[in-house]
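Participant: If you scroll down you'll find the structure; I have some questions about it.
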Amino acid sequence: AIYGLDFAKYNPILDWSGKLFEQYEEINPIRKRAGVYAFTLCGEIVYIGSSTNLFSRLQTHIGNLQGKTNYRRSSLKWRKYHYLNKHISKVQFHVLEFCEYGTTKEDLEILEYKYINQHCPIFNVNYKDKLKRWNGSEYDIDNFVNGVISMDDLKQFNTTK
């Protein structure tokens, strides 16, 4: 796993080639590799994605976590990055599954949707039924991070809205 506090220190704009990340053992296996990945918050999977280049995608996510983009404040992407950044010390990046070199984007998406439907992460949209799994309420996610409610409580609360 790559820890969120490392994201805060990293500058993907100045380090487009990724040389500064070479000190992290976890980075080398994802260079020029395709696969499905997850972000966890307090040990719970909260976002799943896929990419033909995991390292490049991680760099993009780090830039977004650091506020290098201008998403609309009401958008699901803005809320995802806002809350991951807010609780960055409890965030980790994991590769769920590596894929063969040359795996198509379509094949990766099929695999990604399988993981999304299995875990129902709160920062994803379930592509099968288009239900938003998280409604963006600061109160809810903070209650989870602070141990007041469980992830199951949060998912149940948000899928009924």
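Numbering follows my numbering, in which position 72 of the sequence shown is assigned residue number 59; successive positions increment by one, without gaps. We put the CB at the ideal spot given by N, CA and C, even for glycine.
Output the residue ranges of the alpha helix (DSSP H) runs that lie fully inside the region 44 to 107 and measure 4 residues or longer, sorted by chain position.
Facilitator: Listed in chain order, the complete alpha helix (DSSP H) runs (minimum 4 residues) inside the region 44 to 107 are 63 to 73, 92 to 106.
Participant: Using beta-carbon positions only, say whether residue 79 and residue -12 come within less than 7 Å of one another.
Facilitator: Cβ atoms of residue 79 and residue -12: closer than 7 Å.
Participant: Taking buried to mean at least 16 other C-beta atoms within 10 Å of its own C-beta, is residue 108 buried or exposed?
Facilitator: It counts as buried.
Participant: Expressed to the nearest angstrom, what Euclidean distance is found between the alpha-carbon atoms of residue 106 and residue 100?
Facilitator: Using only the alpha carbons, I get a separation of about 10 Å.
Participant: Using a threshold of 7 Å, state whether the C-beta atoms of residue 62 and residue -8 are closer than that.
Facilitator: No, these two residues do not count as a Cβ contact at 7 Å.
Participant: What is the DSSP secondary structure of residue 26, counted as helix, strand or coil?
Facilitator: Strand, per DSSP.
Participant: If residue 23 and residue 141 are in contact, beta carbons under 8 Å, what's the gap, nearest whole angstrom?
Facilitator: Between residue 141 and residue 23 the Cβ distance is about 23 Å, and since that is not below 8 Å, they are no contact.
Participant: Can the beta-carbon of residue 52 be found closer than 7 Å to that of residue 34?
Facilitator: No. Outside cutoff.
Participant: Do residue 20 and residue 110 have their C-beta atoms closer together than 7 Å?
Facilitator: For residue 20 and residue 110, no; Cβs fall outside 7 Å.
Participant: By the three-class DSSP mapping on this structure, what secondary structure does residue 17 have?
Facilitator: Of the three classes helix, strand and coil, the one that applies to residue 17 here is helix, per DSSP.
Participant: Should residue 88 be labelled buried (16 or more other beta-carbon atoms within 10 Å of its own) or exposed?
Facilitator: With fewer than 16 Cβ atoms within 10 Å of its Cβ, residue 88 is classed as exposed.
Participant: Give me the Cβ distance between residue 64 and residue 58, rounded to the nearest whole Å; I'm assuming they're in contact under 8 Å.
Facilitator: Their Cβ separation, rounded to whole angstroms, is 5 Å, which keeps residue 64 and residue 58 in contact under 8 Å.
Participant: List the endpoints of the continuous alpha helix (DSSP H) containing residue -9.
Facilitator: First-last of the alpha helix (DSSP H) with residue -9: -9 to -4.
Participant: Give a yes or no on whether the C-beta atoms belonging to residue 18 and residue 42 are separated by under 7 Å.
Facilitator: Closer than 7 Å, so yes.
Participant: Tell me the rounded alpha-carbon separation between residue 81 and residue 74.
Facilitator: Cα-Cα distance, rounded: 17 Å.
Participant: Cα separation between residue 40 and residue 98?
Facilitator: For residue 40 and residue 98, the distance between alpha carbons rounds to 15 Å.
Participant: Of all the CB atoms in chain D, is at least one closer than 7 Å to the CB of residue 98?
Facilitator: The structure shown contains no chain D; it holds only a single protein chain.
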